[in-house]
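Encoded as structure tokens, the structure appears first; notes follow it.
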Amino acid sequence: MAGMTCPHCGQTMYSAYGEADKVKCIYCNKEFSPKPVAG
2 MAGMTCPHCG QTMYSAYGEA DKVKCIYCNK EFSPKPVAG
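Residue numbering for the sequence shown follows this note's numbering, starting at 2 and increasing by one per position.
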């Protein structure tokens, strides 16, 4: 699972969305384009 930080609320969420174009933040419910964290 990759960790990604929501640019809207700053929360880090872990999900299986790896290569998705858009993900929806589970904290603020806004969509953003995930930037995978290497490692």
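Just so it is clear, CB atoms sit at the ideal spot from N, CA and C, and this is done for glycine as well.
Computed from a predicted structure; not experimentally measured.
As the crow flies, the alpha-carbon of residue 9 is around 16 Å from that of residue 22. In the structure shown, residue 25 falls within a strand segment according to DSSP collapsed to helix, strand and coil. In the three-state reduction of the DSSP assignment, residue 11 falls in the coil class.
Around the Cβ of residue 29, a 10 Å sphere holds fewer than 16 other Cβ atoms; the residue is exposed.
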